[in-house]
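Okay, structure first, notes after.
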Ligand code: CMC
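In our numbering, the protein residues as written are 169 to 602.
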């Protein structure tokens with residue numbers, strides 16, 4: 169790579185020919201080589217399954233330095249936002265790029281609050297699901313179905329409709345998530361209560377019943393709000409890339425977010441918190457940890473330490489530190505400080521962080537290591553963990569989708585491949601085949 173000129177270039181040799189490509193620099197972070205003209209110039213593609221070294225887009229929203237353990241939304245460190253802000257302020261920041269003034273914040277909160285109810289017919293739509301449906305299955309279907317109810321916000325070429333769709337999703341996804349939960353436990357749906365803040369309203373819709381007064385615990389609501397902040401965006405992760413990919417064809421935003429929810433469901437992504445808690449419960453006691461670690465290190469076992477490791481963070485995930493703190497706050501408030509699962513988690517973390525296997529591979533706790541224990545203590549069943557992640561990540565998906573649509577020259581996402589199937593061969597009639 170030649171960095172001597174003002175505009176940097178990278179030279180690639182294919183066969184005996186050299187090709188120059190522009191090198192682009194971001195505000196911070198590694199440079200990228202713009203190889204979009206590679207095929208036209210040299211007749212070859214790059215090969216990078218899993219996007220190990222590929223930037224799929226340009227973005228101004230979230231910055232991660234995985235080696236240093238840094239996460240920033242619009243330039244603000246996650247630690248400062250989580251300590252000082254609330255989730256709706258974070259939503260405003262991600263969507264508009266700046267922190268709101270007091271008046272802007274009030275207006276934004278009011279606009280989101282106005283959209284919290286879902287079309288009454290959605291309740292009948294829910295009746296089609298089995299009662300034992302996984303709430304993520306219900307989320308994929310019901311968020312996608314919003315496109316069938318809100319025709320006045322599906323035109324992606326109209327900026328006003330795009331913004332209304334964004335508001336609707338930030339406001340309605342928690343309502344649908346709470347409905348998915350209530351449906352599986354056979355309780356009546358609770359309408360949103362607009363006098364409550366975002367997290368308190370969500371707890372009310374999940375845990376209140378019509379026949380009793382429900383008082384939201386402010387310590388727990390604040391903890392849930394912080395969990396939402398920590399999960400709000402994470403640059404081009406698998407589900408966000410899915411949302412961008414779906415949106416790149418011009419699909420409506422409700423369909424795109426439903427695609428993101430489907431991707432988030434997998435255990436390597438949003439499903440990891442559920443898997444981490446299950447793993448901790450199965451280990452059961454501190455005495456069983458050495459045996460479990462042995463299994464994780466055994467190449468043939470395919471057992472992973474869930475809640476550990478990350479494609480980008482090769483250091484402690486900054487969200488994991490905040491989540492650990494939140495976990496202690498919640499367990500103290502709910503009187504679960506002596507939860508054996510917490511003891512196992514803390515000991516497991518200590519042992520793994522001093523073990524050569526994990527050190528050499530730079531495997532550290534990620535956000536999901538402590539989130540399962542915290543969500544359980546807040547009263548959510550494991551099947552709802554990924555749903556809560558989806559509630560929080562909705563704003564990140566929308567912000568990224570919106571950024572892409574506002575890009576004047578955005579293109580349909582259409583990767584190429586290394587074809588390793590049969591070369592051309594001749595079709596043989598059925599009666600002539602051996
Ligand atoms: N436990 C044990 N070994 C691991 C783990 C783990 N959790 N994660 C990675 N490794 C090993 C892996 O076997 C490989 O070893 P080797 O070099 O000997 O073959 C090495 O570390 C590199 O791992 P990789 O699979 O190539 O890394 P990746 O970047 O493809 O995978 C990951 C990242 C998050 C999918 C993976 O670390 C993992 O499966 N972790 C557990 C699931 C989890 O906690 N996911 C939540 C991620 S954070 C929330 C989110 O973004 O959704």
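For glycine and all other residues, C-beta sits at the position ideal for the given N, C-alpha and C.
Using DSSP's beta-bridge definition, name the partner residues of residue i.
i, result
"residue 189", "178"
"residue 240", "231 and 245"
"residue 533", "476"
"residue 201", "191"
Exposed or buried, which one is residue i when buried takes at least 16 other CB atoms within 10 Å?
i, result
"residue 441", "buried"
"residue 328", "exposed"
"residue 282", "exposed"
"residue 517", "buried"
"residue 316", "exposed"
"residue 235", "exposed"
"residue 534", "buried"
"residue 173", "Because the pLDDT of residue 173 is 46, which lies under 50, any placement of that residue in the model is unreliable, and the number read from its coordinates should be weighed accordingly. Exposed, because fewer than 16 other Cβ atoms sit within 10 Å of the Cβ of residue 173."
"residue 363", "exposed"
"residue 542", "buried"
"residue 590", "exposed"
"residue 486", "buried"
"residue 536", "buried"
Run the proximity test for residue i: is its beta-carbon closer than 8 Å to any non-hydrogen atom belonging to ligand 1?
i, result
"residue 474", "yes"
"residue 432", "yes"
"residue 438", "yes"
"residue 479", "yes"
"residue 464", "yes"
"residue 531", "yes"
"residue 536", "yes"
"residue 485", "yes"
"residue 402", "yes"
"residue 468", "no"
"residue 268", "no"
"residue 603", "Given a span of 169 to 602 for the chain in the structure shown, any question on residue 603 remains unanswerable."
"residue 217", "no"
"residue 435", "yes"
"residue 405", "yes"
Does residue i come within less than 9 Å of chain D when only Cβ atoms are used?
i, result
"residue 600", "Among the protein chains of the structure shown there is no chain D, as only one such chain exists."
Measuring CB atoms only, is the region 328-346 touching the region 575-594, in the sense that at least three cross pairs come out at less than 8 Å? no
At least 3 beta-carbon pairs within less than 8 Å: the region 560-580 vs the region 407-426: yes
Assess contact between the region 410-423 and the region 270-280, defined as three or more Cβ pairs (one per stretch) separated by less than 8 Å. Is contact present? no
If contact is defined by three or more beta carbon pairs under 8 Å, each pair taking one atom from either stretch, is the region 493-503 in contact with the region 456-466? no
Taking three-plus beta-carbon pairs below 8 Å as touching, is the region 345-352 in contact with the region 548-558? yes
The region 361-375 in contact with the region 388-399 per 3-pair CB rule at 8 Å: yes
Just checking, does the region 219-238 make contact with the region 188-200 on the three C-beta pairs under 8 Å criterion? yes
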